[in-house]
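Below: the structure, in structure tokens.
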Amino acid sequence: MRRIFTIARFNLVRMFRERANLFFVLVFPILIIAVLGTQFGDDQTSEVGVSGSGDLVERGVERLEGTGAADVRRVESAEELRELIDDGSLPAGVVVPGDAEELLRDGEAVPLTLYLGDGDNAAQLEGVITRAFEAEAVVPGVIGHLTSQSDLPADEVADVVTRTASALPAIEVHRVLAGGGDPDDTGYGIDQVAVGMLVLLTFLNALTGAAALIQSRKHGVSRRMVATPTSMRTIVIGEGAGRWSVGMFQAVYIMLVTAVLFGVTWGDPVGAVAILAVFAAVAAGAAMLVGAVMQNDEQAAGITVMVGLGLGALGGAMLPLELFGSTMNTVAHFTPHAWAIDAFTELGRHGGTVMDILPELGVLGAFAVVLVGLAAWRLRVTLTRV
Numbered sequence: 001m002r003r004i005f006t007i008a009r010f011n012l013v014r015m016f017r018e019r020a021n022l023f024f025v026l027v028f029p030i031l032i033i034a035v036l037g038t039q040f041g042d043d044q045t046s047e048v049g050v051s052g053s054g055d056l057v058e059r060g061v062e063r064l065e066g067t068g069a070a071d072v073r074r075v076e077s078a079e080e081l082r083e084l085i086d087d088g089s090l091p092a093g094v095v096v097p098g099d100a101e102e103l104l105r106d107g108e109a110v111p112l113t114l115y116l117g118d119g120d121n122a123a124q125l126e127g128v129i130t131r132a133f134e135a136e137a138v139v140p141g142v143i144g145h146l147t148s149q150s151d152l153p154a155d156e157v158a159d160v161v162t163r164t165a166s167a168l169p170a171i172e173v174h175r176v177l178a179g180g181g182d183p184d185d186t187g188y189g190i191d192q193v194a195v196g197m198l199v200l201l202t203f204l205n206a207l208t209g210a211a212a213l214i215q216s217r218k219h220g221v222s223r224r225m226v227a228t229p230t231s232m233r234t235i236v237i238g239e240g241a242g243r244w245s246v247g248m249f250q251a252v253y254i255m256l257v258t259a260v261l262f263g264v265t266w267g268d269p270v271g272a273v274a275i276l277a278v279f280a281a282v283a284a285g286a287a288m289l290v291g292a293v294m295q296n297d298e299q300a301a302g303i304t305v306m307v308g309l310g311l312g313a314l315g316g317a318m319l320p321l322e323l324f325g326s327t328m329n330t331v332a333h334f335t336p337h338a339w340a341i342d343a344f345t346e347l348g349r350h351g352g353t354v355m356d357i358l359p360e361l362g363v364l365g366a367f368a369v370v371l372v373g374l375a376a377w378r379l380r381v382t383l384t385r386v
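See below:
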């Protein structure tokens, strides 16, 4: 065990001797999580402009703000609103005529003018604005229609319709997430970014350790280890433990720093550590296999980066799995990344425990057994030829 620990510690220390690794292991992950988390944070509410005056405008503004889907900025004129949207200050806005209430009560249509920017959420805001003002136009529209169809005074009709509308039972909508958890916590915010980057960078940085294994063979380090009384089994386990320790360091570092700086919720700590341990073993097995098969460390470094990024993208580390179609979601689960992300999602967003993620841990364990087994066999063969 002492020799295994020594080999593993050597690999971990070796990683930090290269100054470039200090940036990519310590600084880069936190920087990219902060940038992407701010960009895709789920606590951002779009602002829309409203120009006009009158009762319909006031009620429409109140309904818009009540939805929580948009904040309202009051704008003095249609020309000013158009300029604000044209220069990108606002994504969308609406101009309401001042006599909108009177038009409705006279049974006439109200011409709303919608200004839309070229942003991605302009179409969504169009629907929110339209529905808000359409809902507030129902009561005055009904008043106008009934008044034109009866001999009753307009004030009396308005009183009856208003009282009837207020007495109607409301529809109560209960939002429930089928898999459990908080339905308001499903946006692609900093928690999801942190999970994706942890999985991506843990695998990637462990995988780049394949180049170090090849260098050890080229510079004779492996030859000297084999010449010592150290058994081949100890050397293979020590090399694997070295790659595992690199992956675990990266994962634990990201987890702790993001929890402190950004308040990222990782869920049950026992479950989280279990995911890290098994996923780091998967990454270590992949790194050992590449390092045992390939002979050129520069080629190995390039291939491992491409493979690491490709598997991360396919496995949902760069784009949420919720946005994948059914076919792509199935394909994604041929990678260990998707199973690790599923497990972290169960812990962080659904409040699960280690018992709830046993299926995911089982699949990750199978990945680890296969990769570590193949890598150990191949590395043993390679080292005996040194």
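Going by full-length UniProt numbering, the first residue of the sequence shown is number 1, and it counts up by one from there.
We put the beta carbon where it would ideally sit given N, CA and C, even for glycine.
Whole angstroms are fine: how far does the CA of residue j sit from the CA of residue i?
i           : j    : result
F203        : I30  : 16 Å
E79         : S46  : 21 Å
L276        : H174 : 36 Å
L125        : S53  : 21 Å
A376        : A286 : 11 Å
G68         : G127 : 14 Å
S77         : E360 : 57 Å
H145        : L168 : 19 Å
I129        : L64  : 7 Å
residue 395 : Q250 : Residue 395 lies beyond the residue range present for the chain, which begins at 1 and ends at 386; the question has no answer from this structure.
D42         : N329 : Legend: pLDDT at D42 = 49, less than 50; position of this residue unreliable, no value from coordinates given.
G209        : F24  : 13 Å
V282        : A212 : 18 Å
V372        : M248 : 16 Å
T164        : T147 : 15 Å
G312        : T327 : 17 Å
A301        : L84  : 49 Å
V35         : V193 : 10 Å
V278        : L319 : 23 Å
E322        : R233 : 43 Å
I171        : V142 : 20 Å
P111        : G37  : 40 Å
G66         : L198 : 37 Å
V381        : V290 : 14 Å
A109        : V257 : 57 Å
V161        : R59  : 17 Å
L207        : L22  : 16 Å
Y253        : A123 : 41 Å
L314        : F367 : 16 Å
A241        : S231 : 15 Å
A132        : D87  : 25 Å
Within a Cβ cutoff of 8 Å, which residues of the same chain sit near residue i, ignoring the five residues on either side of it in sequence?
i    : result
G316 : G196, F324, A332, H337, A338 and I341
V61  : V50, V72 and R74
I303 : V290 and M294
Among the candidates the options, whose CA atom is the shortest distance from the CA of residue i?
i    : options                   : result
F262 : G291, A272, Y115 and I190 : I190
T113 : D87, V57 and N205         : V57
R243 : S231, T258 and N205       : N205
I32  : L200, I214 and V260       : L200
F334 : D356, V363 and V260       : V363
Q215 : V370, D297 and R2         : D297
V13  : V246, A366 and V110       : V246
G365 : V290, A284 and Q299       : A284
E102 : D86, A122, V61 and A154   : A154
V369 : E134, D87 and A280        : A280
A255 : G348, T382 and V290       : Looking at the sequence provided, one finds Met at residue 255 rather than Ala. Of the candidates G348, T382 and V290, the one whose C-alpha sits nearest the C-alpha of M255 is G348.
A158 : R19, L104, L314 and R17   : L104
Excluding the 5 residues preceding and the 5 following residue i in the sequence, name in chain order all residues of the same chain whose CB lies nearer than 6 Å to its CB.
i    : result
D71  : T45 and E47
G352 : E346
S150 : none
G26  : Note on residue identity: the sequence assigns Leu, not Gly, to residue 26. Nothing listed; no residue qualifies.
Q295 : none
I357 : G271, A343 and E346
D55  : E101
R9   : none
With DSSP as the reference, please indicate the residues paired to residue i in a beta bridge.
i    : result
L114 : V94
D71  : E47
Closest Cβ-Cβ distance between residue i and chain B: below 7 Å?
i    : result
G119 : The chain inventory of the structure shown lacks chain B, comprising one protein chain alone.
Leaving out five residues on either side along the sequence, give the residues of the same chain with a beta carbon under 7 Å from the beta carbon of residue i.
i    : result
V354 : D268, V270, G271 and A274
L81  : G49, S51, V75, G93, V95 and Y115
L379 : V236, E239, M288 and A292
D106 : G144
L259 : According to the sequence displayed, residue 259 carries Ala and not Leu. So the qualifying residues of the chain are W266.
F28  : none
### Query
Taking three-plus beta-carbon pairs below 8 Å as touching, is the stretch 136 to 156 in contact with the stretch 86 to 98?
no
### Task
Could you tell me whether the stretch 114 to 122 touches the stretch 80 to 96, where touching means 3 or more Cβ pairs closer than 8 Å?
yes
### Query
Are the stretch 264 to 271 and the stretch 299 to 308 touching by the rule of at least three beta carbon pairs closer than 8 Å?
no
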